[in-house]
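Following: one structure in structure tokens, then a few remarks.
In the numbering used here, the protein residues as written are 82 to 699.
Here's what the structure looks like:
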């Protein structure tokens, strides 16, 4: 019930339409109650004898014309009021749906990675669509129509009791059965719809994963497997729908049976009263017409019960998201960070994704402006965790991270993230043109700004060669661009915000040598005059780094320069021998191969600009 109250409070924000809807149906109910009375009076006027059997003059044509015009006018007024009610309720339900969707989406944007790590995207999509639609139907059907049903039933029962209390008691004989069955059905439907929404979320999750990973599916010829997996989940969803529909259909049939049985008893007993002279033919007609108006609320009750059940279930799922609070919150007095100088300190930082598994354990490290810090380590060592903590995608559980001596939690999230740029290995691009993708993080970026960033990222020449240039549509997730082009576009996007602190995922294993050279050159250009953190995978990056941090089990095992760490003969030495030295040998082979097409000095420069200059100096 609390959930329905919350939904009603949201609807009350648009109280003008809600009140107008109530007034419209009240007027429509009043006019509809007038119509049986006119019918009954007209029939009595047509009958040549009254209830006592005394003959009288039948109604004139003029009188009947007046009654007909009255019925026509009442029908027109009722039609207009029904239209007004329908328009107001539909528009109200759409406004409520829009408001909830907006709140839902807004809260999702502000929830931290910790929340998104624990939920399925498909389930969120199901909530944003099917669950919001269920709430909309409740506002349309339950919030307005339910009150209309109650008002109509009360008004009809009062009129019927004043007309003939004996017939009214007979008509009410089946009410207890209707009430008991309705309460039972509502409880069962609520549980059924909870299961339906869960199955819907699971099906959407499978669909979403399949669409995102369609290349993997096709690469392993797993189309049939995926089809069977989705079919099983769709079958489960269908069965849950069938259960709820069968229950609704059965309930509607029982309601109709109760009402029809009551109508039969009314016709039998009322006929006897007409024969005895206790009731006129017009009076019996009025009573039956009024009683027939109960057909609408009785039939609507099953739909209303269904809307209540779905709203309780769907509202609970929606409010789970709306009530979710991000562990990463701004302080009430958070300050806007000006452009940072770029000195970063990790002071006794600890973090864990769960209480039992620490991801970082008290590392201490610092980075200065115009310094490249390379981060190495085995998978699960904490490399990604460190770079996710700096822009506050997660918050530290112990210790603190400072920029220019100030705790990053003292700054607004927006200003912090404008000072920390990220170039990720897995680049995500939006379905938009190249210009909009590059300018994504900067409002009002000009074409000149975008071109300047693209040039630094070594991407301008390629974009300029395209028929539509910067207006070229990149397609869903950037499918029309190569891996190297997408990565350089991501670099350009980060360049445009001009962050003093930069985080780079240096993995280029999936691109060819020429593309790797261009990406590397772009990164060199980007890292100038910035505090740079690099998740390093290549020899050139490691040797160019001013500081190398080696992580193991969430702790800093070693840190220093390339030469210093080699002298220690520890973890870095092993990494160098197993992974980095083979890269160095390949570069030397390429430099000494006559038909490689690349001079030795150029190859060396490609591999390591700083190293090349050092060698030249020697």
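Virtual Cβ for every residue (Gly too), placed ideally from N, Cα, C.
Exercise for review: Please determine if the region 629-636 and the region 441-456 are in contact, where contact requires at least 3 C-beta pairs separated by less than 8 Å.
Suggested key: The region 629-636, when compared against the region 441-456, does touch it at the 8 Å Cβ threshold.
Exercise for review: Could you spell out the range, first to last residue, of the alpha helix (DSSP H) harbouring residue 148?
Suggested key: In the DSSP annotation of this structure, the continuous segment of the alpha helix (DSSP H) that includes residue 148 starts and ends at 142-191.
Review point. Taking all protein chains shown into account, do 16 or more other C-beta atoms lie within 10 angstroms of the C-beta of residue 330, making it buried, or fewer, making it exposed?
Key: Looking at its Cβ environment, which holds fewer than 16 other Cβ atoms inside 10 Å, residue 330 is exposed.
Review point. Can the beta-carbon of residue 213 be found closer than 7 Å to that of residue 178?
Key: Taking C-beta atoms as the reference points, residue 213 and residue 178 count as a pair closer than 7 Å.
Review point. In chain order, what residues of the same chain have a beta carbon less than 8 Å from the beta carbon of residue 523, not counting five sequence neighbours either side?
Key: Taken in chain order, the residues that qualify are 530, 577, 578.
**Study point:** Cα-Cα separation, residue 136 to residue 361
**Key:** Low confidence applies to residue 136: its pLDDT is 49, below 50, so where it sits in the model is not reliable, and the reading given next is rough at best. It is roughly 14 Å from the alpha-carbon of residue 136 to the alpha-carbon of residue 361.
Practice item. Examine the ligand NAP and report whether any of its heavy atoms sits within less than 6 Å of the Cβ of residue 176. Key: The ligand NAP is absent from the structure shown, which contains no ligand whatsoever.
Practice item. Could you give the DSSP three-state label for residue 539: helix, strand or coil? Key: Three-state DSSP puts residue 539 in coil, outside helix and strand.
Exercise for review: Please classify residue 323: is it buried, with 16 or more other beta-carbons within 10 angstroms of its beta-carbon, or exposed?
Suggested key: By the 16-neighbour rule on beta-carbons within 10 angstroms, residue 323 is exposed.
**Study point:** residue 281, buried or exposed, once every other Cβ within 10 Å from all chains shown has been counted against 16
**Key:** Label assigned to residue 281: buried.
Review point. Quick one: what does DSSP say residue 486 is sitting in, helix, strand or coil?
Key: Looking at residue 486 - three-state DSSP - the assignment turns out to be coil, as it is neither helix nor strand.
Point to revise | Burial state of residue 565, where buried means 16 or more other Cβ atoms lie within 10 Å | key: It counts as buried.
**Study point:** residue 241, enclosing alpha helix (DSSP H) - first and last residue
**Key:** Where residue 241 is concerned, the enclosing alpha helix (DSSP H) stretches over 227-244.
**Study point:** Buried or exposed (CB count within 10 angstroms, at least 16 for buried), residue 539
**Key:** Counting Cβ neighbours within 10 Å, residue 539 comes out buried, since at least 16 surround it.
Practice item. Please work out which residues of its chain come closer than 6 Å, Cβ to Cβ, to residue 638, disregarding the five sequence neighbours upstream and downstream, and give them in chain order. Key: The residues are 631, 652.
Point to revise | Same chain, Cβ closer than 8 Å to residue 374, neighbours up to 5 away in sequence not counted | key: Cβ within range, chain order: 113, 114, 117, 233, 237.
Review point. Measuring CA to CA, which of 441, 248, 305 is closest to residue 25?
Key: Absent from the structure is residue 25, since the part of the chain shown begins at 82 and ends at 699.
Review point. Helix, strand or coil: how does DSSP classify residue 645 here?
Key: Reduced to three states, the DSSP call for residue 645 is helix.
Review point. Where in the region 381-440 do unbroken runs of the beta strand (DSSP E), each at least 3 residues long, occur, reported from the N-terminal end onward?
Key: Runs of the beta strand (DSSP E) inside the region 381-440: 425-433.
**Study point:** Contact the region 308-324 vs the region 271-287: 3+ CB pairs below 8 Å
**Key:** Short answer: they touch.
**Study point:** Through-space distance from residue 193 to residue 409, alpha-carbon basis
**Key:** The alpha-carbon atoms of residue 409 and residue 193 are separated by roughly 6 Å.
**Study point:** Among 228, 616, 148, the one whose alpha carbon lies nearest that of residue 106
**Key:** That would be 228, whose Cα lies nearest to the Cα of residue 106.
Point to revise | Beta-carbon contacts of residue 411 that lie in its chain and below 8 Å, excluding the five residues immediately before and after | key: 493, 494.
Practice item. Give the secondary structure of residue 461 by DSSP, where H, G and I count as helix, E and B as strand, and everything else as coil. Key: Looking at residue 461 - three-state DSSP - the assignment turns out to be coil, as it is neither helix nor strand.
Review point. Taking the alpha-carbon positions, what's the residue 684 to residue 615 distance?
Key: For residue 684, the pLDDT reaches just 37, beneath the cut-off of 50, and the residue's location in the model is therefore unreliable, although a value from the coordinates is still provided. Computed Cα separation, rounded: 22 Å.
**Study point:** Selected residue, minimal CA-CA separation from residue 170, among 349, 225, 215
**Key:** Relative to the Cα of residue 170, the nearest Cα in the group 349, 225, 215 belongs to 225.
Review point. Between which two residues does the alpha helix (DSSP H) containing residue 89 stretch?
Key: Here the alpha helix (DSSP H) through residue 89 covers 83-93.
**Study point:** Exposure of residue 613, with buried meaning 16 or more beta-carbon neighbours within 10 Å
**Key:** Buried.
Check your understanding: At a Cβ threshold of 7 Å, is residue 114 touching chain B?
Key -> Judged by its chain identifiers, the structure shown contains no chain B, having just a single protein chain.
Review point. What whole-angstrom Cβ distance do residue 148 and residue 119 have, given they're in contact under 8 Å?
Key: So it is a contact: roughly 6 Å between Cβ atoms.
Check your understanding: Where does residue 324 sit, in a helix, a strand or coil, going by DSSP?
Key -> In this structure, residue 324 counts as helix in the three-state DSSP scheme.
Point to revise | Reference residue 335, options 358, 382, 371, 445, closest by Cα | key: Closest in C-alpha terms to residue 335, from the list 358, 382, 371, 445, comes 382.
Review point. Does the distance from the C-beta atom of residue 508 to that of residue 571 stay below 7 Å?
Key: Contact: yes.
Check your understanding: Would you call the CB atoms of residue 427 and residue 482 closer than 7 Å?
Key -> Their beta carbons are under 7 Å apart, which means residue 427 touches residue 482 by this criterion.
Exercise for review: Using a threshold of 7 Å, state whether the C-beta atoms of residue 88 and residue 216 are closer than that.
Suggested key: Result yes, Cβ atoms of residue 88 and residue 216 sit closer than 7 Å.
**Study point:** Beta carbon of residue 440 nearer than 7 Å to that of residue 425
**Key:** No; because the gap between Cβ atoms is not below 7 Å, this pair is not in contact.
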